[in-house]
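Novice:
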DNA sequence: ACACTCCGTAAGTTTATACTTACGGTTAAG
DNA sequence: CTTAACCGTAAGTATAAACTTACGGAGTGT
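Chains as they are written, first to last, in the working numbering: chain A, 1141 to 1248; chain B, 1141 to 1248.
#1: Where does the unbroken beta strand (DSSP E) through residue 1199 (chain B) begin, and where does it stop?
#2: Determine, using beta-carbon pairs with one atom in the region 1213 to 1221 of chain A and one in the region 1220 to 1227 of chain B, whether at least three such pairs fall under 8 angstroms.
#3: Mind pulling the chain A residues with CB within less than 7 angstroms of residue 1195 (chain B)?
#4: Closer than 8 angstroms, CB to CB, is residue 1213 (chain A) near chain B or not?
#5: Can you check whether the C-beta of residue 1164 (chain A) is within less than 8 angstroms of a C-beta belonging to chain B?
#6: Strictly by DSSP, which residues pair up with residue 1210 (chain A)?
#7: Kindly list, in the order they appear in chain A, the residues whose Cβ is closer than 8 angstroms to that of residue 1148 (chain B).
#8: When Cβ atoms are compared, which residues of the region 1167 to 1189 of chain B fall closer than 9 angstroms to chain A?
#9: Quick one: what's got a C-beta closer than 7 angstroms to residue 1243 (chain A)'s C-beta in the same chain, skipping five residues either side?
#10: DSSP on residue 1175 (chain B), reduced to helix/strand/coil?
#11: Quick one: grab the DSSP three-state call for residue 1169 (chain A).
#12: I'd like to check one pair, residue 1163 (chain B) with residue 1210 (chain B): are the Cβ atoms closer than 8 angstroms?
#13: Under the rule that 16 or more other beta-carbon atoms within 10 Å means buried, what is residue 1147 (chain A), buried or exposed?
#14: Can you tell which of A:1169, A:1143 and A:1186 has its C-alpha closest to the C-alpha of residue 1203 (chain A)?
#15: Just to confirm my understanding: we take residue 1159 (chain B), look at its own chain, exclude 5 residues before and 5 after, and list those with CB closer than 8 angstroms. What are they?
#16: Using a Cβ cut-off of 9 angstroms, pull out every chain A residue sitting near residue 1218 (chain B), in sequence order please.
#17: Residue 1145 (chain A) and residue 1157 (chain B) look like a contact to me (Cβ under 8 angstroms); what is the Cβ gap, rounded to whole Å?
Right under this line is the structure:
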């Protein structure tokens, strides 16, 4: 499975997006990420695992803590997926416009 | 809820992504989209509804058929979300680098 | 009027997954 | 060596959502 597909799967959950957004602020321990959240700390751990597999987060061990931060690989993959899609869509639009023009010519 | 969040929710499902990709090819009726897919036609209809509410698809009635095509609004929203995230992430990186430099200076 | 095609929705079921509690491992500190 | 902080994983449950079948409406042709 492509990385971009995994990032989309990972970001398809509201709580996971919330957790992911918290990583924007910089390096955060699991306890810090979970603080104030409506779900338990183990749940956060599981979400972080998914984000990690999706190339959206990286861990760094620091004593007894795991410091999580944003991994740009996932974001890059997502951007690539989006750009590719965008191009093909625009091309389809152009084709549709050409067909439209051809139909115009015929009915004249 | 922001549009970008809804697009992420919508694209968080593999079958829905597959359907969405089929819309790239241009205007397609529901029957055409569902053709050869492993899920039933009503299922496709439901997915298309979700894509529509997520700003990723638009419908056009043509006789007894509904022609679906890609809506760029959702893609634009997603791109915006991604860009915003990217900026904040880079800024966090810069801050981290500065802190790192400050620490370097202190220990010297 | 009738038949046929194409499609959306309702209702119900099934399946995936988000979540909790319980537990054990690792590290640092007293 | 004990205690405590921090965290990941296992197992089980609960909930959301993807899917099916059944149905009816709307348009088109005969």
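Beta carbons are placed, not taken as given, at the ideal position from N, Cα and C, and that holds for glycine.
Specialist: Short version:
#1: Per DSSP, residue 1199 (chain B) is one residue of the beta strand (DSSP E) stretching across 1197 to 1202.
#2: yes
#3: Chain A residues near residue 1195 (chain B): none, gap ~13 angstroms exceeds 7 angstroms.
#4: no
#5: yes
#6: A:1197.
#7: Listed by position along chain A, the residues whose Cβ is nearer than 8 angstroms to that of residue 1148 (chain B) are 1148, 1151, 1152 and 1157.
#8: Within the region 1167 to 1189 of chain B, the qualifying residues are 1167.
#9: In this predicted model, residue 1243 (chain A) has a pLDDT of only 49, less than 50, meaning its place in the structure is not dependable enough to derive any value.
#10: coil
#11: strand
#12: The criterion of a C-beta distance shorter than 8 angstroms is satisfied by residue 1210 (chain B) and residue 1163 (chain B).
#13: buried
#14: A:1169
#15: Within the same chain, residue 1159 (chain B) has close Cβ partners 1173, 1177, 1184, 1187, 1188 and 1191.
#16: The contacting residues are 1218 and 1222.
#17: 7 angstroms
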